[in-house]
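**Q** Okay, handing you the structure first.
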Amino acid sequence: MSPLHIPSELLIRVGGNFALRTQDGEGWRLLTALFLHGGLLHVGLNMFALYQAGQVVERLFGRAGFVVVYLGAGLLGNVASLWWRQGAVSIGASGAIFGVYGALLAYLTVQRGSVPVEVFREMRSGTLGFLGYSLFAGFAIAGIDNAAHLGGLLGGLILGAALAEPVFSQLPVRWLTWRALAGIMAVVLIGISMWRATPDVAHEREVDTLYQQTVQRFAIEEQDLQREQTQLLEAVRARRMSEAAALEVLERELIPRWDRQVLQLSWRMAPPPREWQRNELIQYATARRDALKALIQALQTRDAEWIERSRNLQQEADSILLQMRLRKSVEEPGQ
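The sequence shown begins at 796 in our numbering and counts up by one.
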């Protein structure tokens, strides 16, 4: 293991923010992930950014205010990361650091008169420059968690605006407490909303697993049904079986099995990317079953219309199967 790059598996074990674990009763990962980094370069860059603004923000908001901003923004950033991308491991203090810069920007906006003009301009340009460059880099470079950055920035702006007070404040402590609580509650409500809107990864995996199992069982049963139908008809043509006996097997065994396949596919929930496949499998199984029913009617009545209907339904099923294979080859090239 290189000190410049720590494997994701280890980061998950020691507290990284990973949806499958965080959503499964391990919400504490939203906090612990703030103090984990992917390597020396990652932690070095974050600490340098924090050093640049952290001292100023601590002086403006006090130690308690700084802790509220840092943790509140960091937690909101990690919830935003969880909401935006469930398959990745989120670690690092960047969400909290964006919150620190967001709080500084909020202070410069709300308490503009408390800072000398020259100092104000310098701090504002430095803050906006850092935020702009970092967000641009996050969108331009793969692997950077911009959701955590934006979530942390939002948390910092809210908490910074709520906690901002003149350098020599005369406001009653009770008034400042209420403002702080209002800011914290706003961040909490936003975090809860994001958490509730986050897809349940464990449920989605369960749905996907059960759906794949259903499709695999259908594929096996469909081949068996096709083979048995072919063998029955060949036995009738070769006079190894009477037509009446073959019809009884087709009606009492094969048709109910096709019915079960249609029902199982209809009842089984499919993951959103596979809804189209489930719907077409239902259409395919229905066409095969109805083609067999029409064939049975044709054998019983000797009516050419039923033979034509059975042939048309078989062609419809073949067409559906071809469409599914073509679409799958486009979506999964090389497989």
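Just so you know, even glycine gets a beta-carbon here, dropped at the ideal spot from N, CA and C.
Within 10 angstroms of its Cβ, does residue 1019 collect 16 or more other Cβ (buried), or is it exposed?
**A** exposed
**Q** Just confirm the distance between the C-beta atoms of residue 806 and residue 895, as a whole number of angstroms; I'd bet it's less than 8 Å.
**A** Residue 806 to residue 895, Cβ: 23 Å. No contact.
**Q** For a minimum of 4 consecutive residues, which ranges assigned as the alpha helix (DSSP H) are wholly contained in the stretch 1047-1099?
**A** 1050-1062, 1070-1096
**Q** Looking only at C-alpha atoms, which of 1077, 1044, 804, 828 sits nearest to residue 810?
**A** 828
**Q** Give me the DSSP bridge partner(s) of residue 812.
**A** Note: residue 812 sits in a beta bridge opposite 885.
**Q** Here's the rule I'm using: 16 or more other beta-carbon atoms within 10 Å means buried, otherwise exposed. How should residue 850 be labelled?
**A** exposed
**Q** How is the alpha helix (DSSP H) around residue 1021 delimited, first residue to last?
**A** 996-1032
**Q** Evaluate residue 1089 with the Cβ neighbour count: other Cβ atoms within 10 Å of its Cβ, from every protein chain shown; 16 or more gives buried, anything less gives exposed.
**A** buried
**Q** Identify every run of the alpha helix (DSSP H) within the stretch 804-879, keeping only runs that are complete inside it and at least 4 residues long; order them along the chain.
**A** 814-817, 824-827, 835-879
**Q** Excluding the 5 residues preceding and the 5 following residue 736 in the sequence, name in chain order all residues of the same chain whose CB lies nearer than 8 Å to its CB.
**A** No statement about residue 736 is possible, as the shown extent of the chain runs from 796 to 1130 and does not include it.
**Q** Just to confirm my understanding: we take residue 962, look at its own chain, exclude 5 residues before and 5 after, and list those with CB closer than 6 Å. What are they?
**A** 909
**Q** With distances taken from CA atoms, which of 1067, 978, 881 is nearest residue 993?
**A** Considering only alpha carbons, the answer is 881.
**Q** Just the Cα atoms here: how many angstroms apart are residue 901 and residue 866?
**A** Distance between the alpha carbons of residue 901 and residue 866: 17 Å.
**Q** Look at the alpha carbon of residue 957 and the alpha carbon of residue 926, and state the distance between them as a whole number of angstroms.
**A** Straight across, the Cα-Cα distance linking residue 957 with residue 926 is about 20 Å.
**Q** Using the C-alpha atoms, what's the distance from residue 897 back to residue 872?
**A** 12 Å
**Q** Exposed or buried, which one is residue 989 when buried takes at least 16 other CB atoms within 10 Å?
**A** Around the beta carbon of residue 989, 16 or more other beta carbons sit within 10 angstroms, so the residue counts as buried.
**Q** Which word fits residue 1079, buried or exposed, when buried means at least 16 other C-beta atoms lie within 10 angstroms of its C-beta?
**A** By the 10 Å Cβ count, residue 1079 comes out buried.
**Q** Out of 973, 1054, 979, point me to the one whose CA is closest to residue 1013's CA.
**A** 1054
**Q** Can you give the Cα-Cα distance for residue 959 and residue 981, rounded to whole angstroms?
**A** 15 Å
**Q** Can you list, in chain order, the stretches of the alpha helix (DSSP H) that have 4 or more residues and sit fully within the stretch 920-968?
**A** For the stretch 920-968, whole alpha helix (DSSP H) runs of length 4 or above, ordered along the chain, are 941-958.
**Q** Measure from the alpha carbon of residue 860 to the alpha carbon of each residue in 1082, 933, 972, then state which is nearest.
**A** 972
**Q** Tell me which residues share the same chain as residue 853 and place their Cβ nearer than 7 Å to its Cβ, disregarding the 5 neighbours each side in the sequence.
**A** For residue 853, where only same-chain residues beyond five positions count, the Cβ hits under 7 Å are 861.
**Q** With distances taken from CA atoms, which of 1017, 1061, 1067 is nearest residue 1116?
**A** 1017
**Q** Does the distance from the C-beta atom of residue 841 to that of residue 888 stay below 8 Å?
**A** yes
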